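Asker: Take this structure first; my questions come after.
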Amino acid sequence: MKNLSKEDKYIQQFISELGTDRPSAGFHKSILEKLNPKQTLTVYRPVISPLAWKLIGSGIAALVICVLLFLPGGENSTPLMDQVPKISIPQVAISFPKVSLPDIDLSPIVIQSLVVFILLAILSAITTLKNLKTS
Amino acid sequence: MNAYGQLILKHEKYVFTLALRILKNREEAEEAAQDSFMKAYHALRTFEGNSKFTTWLYKIVYNEALGRLRKTRNHTIQLGEIEDLPCDSADYLDGLKSLQLAERKDLIRRGLDAIKPMESVALTLFYLEEQNIKEIEEIMGLTGSHVKILLHRGRKNLLDSLRNITNSELIHLL
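Read top to bottom, the protein sequences are chains A and B. Using the numbering used here, the first residue of the first sequence is number 569, and each one after it goes up by one. Using the numbering used here, the first residue of the second sequence is number 4, and each one after it goes up by one.
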């Protein structure tokens with residue numbers, strides 16, 4: 569029994585010397601994170617902004633109105649464009665230096681597509697600028 | 004939440020050590036300790052204060068780690084006959100005392116790893132946490148006599164495993 573008490577003392581000393589083990593560095597934080605998960609707010613941000621939609625809509629509307637107004641409806645009707653009274657614009661005589669520029673003959677479809685392309689380019693430039701400002 | 008964070012910081016080492024003594028694997032022990040703290044947080048309202056907070060917390064850790072151990076290994080508690088400790092134990096322990104602290108710590112760690120988880124836990128609770136038999140009974144869900152048997156067997160098996168480790172190292176040196 570005497571031996572046992574001595575052993576008891578030794579074992580107590582050795583186990584106390586060994587002490588406790590330390591968990592990894594993030595132990596405490598990971599428990600708190602699990603207990604209180606951060607709520608991630610997902611804000612919906614459309615790819616095309618409302619302003620861009622308005623511009624596209626107004627562009628399309630303007631195109632439709634132009635087509636309706638300026639194209640002839642039938643054989644006998646005259647396009648609205650022709651009904652506009654011709655305004656005599658006073659000619660201003662300015663003598664420019666004669667530069668021989670090549671005549672570019674573009675078909676109406678090419679001109680229309682160029683206009684639409686320019687409009688879309690302006691739109692994308694506006695949205696990019698807006699995104700840059702917000703970020 | 005901040006108060007509970009402080010509570011975790013205060014008890015994390017003991018909780019982790021207890022889980023490690025049962026599972027004998029750092030990753031598993033860390034997971035068990037984390038789950039225990041989470042369970043304790045959700046069950047804080049059920050803590051009536053009849054026992055010490057540490058006793059209540061260690062009971063959660065013990066059950067969590069034991070549950071994990073049962074899932075992975077076929078683990079049963081065996082309480083057989085008690086053999087008396089060999090007479091030269093004190094001499095051997097005297098020898099251990101003469102070792103360098105770092106060597107001794109390493110040896111004790113390996114010795115505790117070599118014995119059964121239940122014995123290792125009982126020894127840790129009794130000697131390191133200085134819990135009394137009554138509290139160990141509550142934590143482990145055993146009777147007083149079972150706890151005493153576990154402690155006795157733990158001491159004996161720890162000494163045996165320490166002897167085996169030192170003998171095998173001596174053989175390697177020779």
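Just so it is clear, CB atoms sit at the ideal spot from N, CA and C, and this is done for glycine as well. The structure presented is a predicted model; accordingly, all values stated were derived computationally and were not measured.
For Thr20/B, count neighbouring Cβ atoms within 10 angstroms of its own Cβ and tell me buried if that reaches 16, exposed if not.
Answerer: Buried, since its Cβ has 16 or more Cβ neighbours within 10 Å.
Asker: Applying the 10 Å Cβ sphere with the 16-neighbour rule, what's the burial state of Ser39/B?
Answerer: Result: buried.
Asker: Using the beta-carbon count (16 or more within 10 Å), is Ile662/A buried or exposed?
Answerer: Exposed, because fewer than 16 other Cβ atoms sit within 10 Å of the Cβ of Ile662/A.
Asker: Nearest-angstrom Cα distance between Lys42/B and Glu15/B?
Answerer: Their Cα atoms are separated by approximately 14 Å.
Asker: Just the chain B side, please: which residues come within less than 9 Å of Glu585/A by C-beta, in chain order?
Answerer: The contacting residues are Leu104, Arg107, Lys108, Ile111.
Asker: Does DSSP classify Gly144/B as helix, strand or coil?
Answerer: It is coil, neither helix nor strand.
Asker: Nearest chain B C-beta to Lys591/A closer than 7 Å, yes or no?
Answerer: Position check: residue 591/A holds Pro in this sequence, whereas Lys was assumed. So yes, Pro591/A belongs to the interface.
Asker: Are the Cβ atoms of Gly147/B and Glu140/B separated by less than 7 Å?
Answerer: Yes, Cβ-Cβ distance for Gly147/B and Glu140/B is below 7 Å.
Asker: Any beta-carbon of chain B closer than 7 Å to the one on Tyr578/A?
Answerer: Yes, because at least one Cβ of chain B sits closer than 7 Å to the Cβ of Tyr578/A.
Asker: Between which two residues does the alpha helix (DSSP H) carrying Asp116/B extend?
Answerer: Residues 104-117.
Asker: Counting Cβ pairs closer than 8 Å, one from the stretch 113-128 of chain B and one from the stretch 153-161 of chain B, do we hit at least three?
Answerer: Yes, the stretch 113-128 of chain B is in contact with the stretch 153-161 of chain B.
Asker: Would Ser123/B be called buried (16 or more neighbouring beta carbons within 10 Å of its own) or exposed?
Answerer: Under this definition Ser123/B is a buried residue.
Asker: Scan the stretch 34-66 of chain B for residues whose Cβ lies nearer than 8 Å to a Cβ of chain A and list them as they occur along the chain.
Answerer: Against chain A - using a Cβ distance shorter than 8 Å - the residues of the stretch 34-66 of chain B are Ala36, Gln37, Phe40, Met41, Tyr44.
Asker: Under three-state DSSP, which class holds Pro618/A?
Answerer: Three-state result, Pro618/A: helix.
Asker: Any heavy atom of the ligand PLP closer than 6 Å to the beta-carbon of Glu601/A?
Answerer: With respect to the ligand PLP, the structure shown offers nothing to examine, as it has no ligands at all.
Asker: Would you mind working out which of Leu96/B, Leu131/B, Leu165/B, Thr169/B sits nearest Ile118/B, comparing C-alpha positions?
Answerer: Answer by Cα proximity: Leu165/B.
Asker: Compute the beta-carbon to beta-carbon distance between Leu154/B and Leu131/B, rounded to the nearest angstrom, for a pair I have assumed lies under 8 Å.
Answerer: In fact, because the Cβ distance is near 13 Å, the residues do not count as touching under 8 Å.
Asker: Counting along the chain, where does the alpha helix (DSSP H) carrying Gly70/B start and finish?
Answerer: Taken as a continuous stretch (DSSP letters only), the alpha helix (DSSP H) holding Gly70/B covers 56-75.
Asker: Considering only the alpha carbon of each residue, which of Asn170/B, Arg156/B, Ile168/B lies closest to Asp576/A?
Answerer: Checked all of Asn170/B, Arg156/B, Ile168/B; the closest Cα to Asp576/A is Arg156/B.
Asker: Under a CB-based cut-off of 7 Å, is Gly144/B close to chain A?
Answerer: Answer no: the Cβ-Cβ gap between Gly144/B and chain A never drops below 7 Å.
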